[in-house]
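The structure under discussion appears below in the form of structure tokens.
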Amino acid sequence: MSLIANTPNPPYYAVIFTSHRTEGDSGYGQMADRMVELASKQPGFLGIESAREDVGITVSYWSDLESIRQWKAHAEHQQAQKLGHEKWYSSFKTRISKVERDYGI
């Protein structure tokens, strides 16, 4: 699997999740893997890219805003969000953007 998502021609949407983790794993890795698995099965999901050093950045791509709303409201995802607030993140920011153009090699 490529580390760069193979997205369709724009327009589509990007959810950009930037975070700073707390110390230790505390089940984070397993939950992160589960969220990728679960998100990839959701209607409107187009792909995901993620990198982590001092700051983690995960970008998920979606066909429309309604798909993003449904993913945010998904019960398992809400549980992961709750745990993130309680123990995995010291800070985070979520941004939603419309992709108007993309290009690359």
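For reference, each letter of the sequence shown is one residue, going 958 to 1062 in the numbering used here.
Cβ atoms here follow ideal geometry from the backbone N, Cα and C, with glycine treated the same way.
In this text, all values refer to a predicted model and were calculated from it rather than measured experimentally.
- Task: Give every residue of the same chain whose Cβ lies closer than 6 Å to the Cβ of Met992, excluding the five residues on either side of it in the sequence, and list them in chain order.
- Result: As a first step, residue 992 must be located in the sequence shown, where it is residue number 35. Ala1037.
- Message: By DSSP's criteria, Ile1005 is part of a beta bridge. Which residues make up the other side?
- Response: Counted from its first residue, the sequence shown places residue 1005 at position 48. For Ile1005, which the question treats as bridged, DSSP gives the partners Ser1017.
- For Ser1054, the three-state DSSP class (helix, strand or coil): As a working mapping, residue 1054 is identified with position 97 in the sequence shown. Correct three-state label for Ser1054: strand.
- Burial state of Ala971 (16 or more Cβ within 10 Å): On the sequence shown, residue 971 is found 14 positions in, with the first residue counted as 1. Classification of Ala971: buried, given that the 10 Å Cβ count is 16 or more.
- Closer than 8 Å by C-beta to Ser983: which residues in its own chain qualify, once you throw out the five before and the five after it? Chain order, please. For the purposes of this step, residue 983 is identified with residue 26 of the sequence shown, where counting begins at 1. Closer than 8 Å at Cβ, skipping near neighbours: Lys1044 and Trp1045.
- Task: Would you grab the beta carbon distance between Trp1019 and Leu995 for me? Rounded to a whole angstrom, and I think it's under 8 Å.
- Result: For the purposes of this step, residue 1019 is taken as residue 62 along the sequence shown, with counting starting at 1. For the purposes of this step, residue 995 is taken as residue 38 along the sequence shown, with counting starting at 1. Actually they do not touch by this definition, with Cβ atoms about 14 Å apart.
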